[in-house]
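10 is the number of the first residue of the sequence shown in our numbering; add one for each residue after it.
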Amino acid sequence: MVYDVIIIGAGPAGMSAGVYACREKLSTLILSPDIGGQTAQSWEVENYLGYSLITGAELSAKFKEHLDKFDCAVFKVGAEVVNLKKSNGKFEIKTRKGESYQGKTVIITSGKVPRQLGVPGEKEFSGKGVTYCATCDAPLFKNKTVAVVGGGDSALDATYQLTKIASRIYLLVRGSKFKNDLDKILMENVTASDKVKVIFNASTTKIYGSQFVEGLEYQNLKTKEKEKLVVKGIFVEIGSVPSTEFIRGLVALNQWNEIKIDKHNMTSVPGIFA
């Protein structure tokens, strides 16, 4: 089957695109590793109009429920796209599982993936104490000492979640102070907790352990001295990078590997939108 439109990604943008495609009676396929994207990983959402307080998982379920009412979109959850090419006037998409799909047009809403620290021990202990999703993994560290690495809103959000679960949280911030553009309420909630110790000028240099994480080493960027923290879990919250590897060489990207689009959201390849 050749779909009218194939949407890559099932976060808010992808599912919104699905709603509009279905309203136009277009045959629609949505490919995504999961439902909700980064929204699903949010602990508490207080800034989405219509809901004074809702979890990210609940909000994602609401998006899916809305789209399902149109009964036109085919969902393939667990489908990670690894290749996209144009052939004979159609677009061919392949997933990591070897599945192949064809569409007349493609909408890319693949979003971003967590940025990694790139330090010794990170890969070895990924899933063994090193995590990139507080919403997913915070409950595993009940009454334990953990570290959160990062200085942005995502790091504050992870720390806030952990104040309700962990016994002690070290928040390692690379800068000498919090940035001015952070969510003020979130920052107040974090800094007011007696469970949290904020360490500024901290650059993580190593993660160590045996079978599981036992601690991390960081360097004080002012004194250049290295110190260790004994922790059972490390939550890496240092931003994200665009999920555009599968279209590299097909559409034009900018210096940050984000997709270039025009005023109509079309990429450099006619028929591919983002």
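For every residue, glycine included, the Cβ atom is placed at its ideal position computed from N, Cα and C.
Query, Result
"When the distance is taken between beta carbons, is N210 closer than 9 Å to R183?", "yes"
"Within 8 Å: the Cβ of E246 and any heavy atom of the ligand SAH?", "Of the ligands one can find in the structure shown there are none, so the ligand SAH has no counterpart to examine."
"Assess contact between the stretch 124 to 136 and the stretch 193 to 209, defined as three or more Cβ pairs (one per stretch) separated by less than 8 Å. Is contact present?", "no"
"Pop quiz: K73 and I44 are said to be a contact at Cβ under 8 Å. What is the actual Cβ separation, rounded to whole angstroms?", "6 Å"
"Determine the DSSP secondary structure at Y141, reduced to helix, strand or coil.", "coil"
"Decide yes or no for the touch test of the stretch 145 to 161 against the stretch 241 to 248: beta carbon pairs closer than 8 Å, at least 3 of them.", "yes"
"So L181 and V155 are supposed to be a Cβ contact under 8 Å. How far apart are they, rounded?", "With 8 Å as the limit, L181 and V155 do not qualify as a contact, their Cβ atoms being about 11 Å apart."
"Which residues in the same chain as I141 place their Cβ atom closer than 6 Å to its Cβ, once the five residues preceding and following it in sequence are excluded?", "According to the sequence as given, residue 141 is Tyr; it is not Ile. Around Y141: P123 and V245."
"Shortest alpha-carbon distance to F187 belongs to which of S176, K204, I174 and S163?", "S163"
"Quick check: the Cα distance between V11 and S277, rounded to an integer number of angstroms?", "22 Å"
"Just to confirm the assignment, what range does the alpha helix (DSSP H) spanning D166 have?", "D162 to T172"
"Would you kindly work out how many angstroms separate the C-alpha atoms of V139 and S202, rounded to a whole number?", "23 Å"
"Is it buried or exposed for Y29, if we count other Cβ within 10 angstroms and need 16 for buried?", "exposed"
"Could you say which of V222, I208, K121 and Q264 lies nearest to Q228 if we only look at CA atoms?", "I208"
"Please classify P21 as buried or exposed, where buried requires at least 16 neighbouring CB atoms within 10 angstroms.", "buried"
"Determine the direct distance from the alpha carbon of R177 to that of I256, and round the result to whole angstroms.", "42 Å"
"By DSSP's criteria, E236 is part of a beta bridge. Which residues make up the other side?", "Y227"
"Roughly how many whole angstroms lie between the Cα atoms of V90 and K231?", "43 Å"
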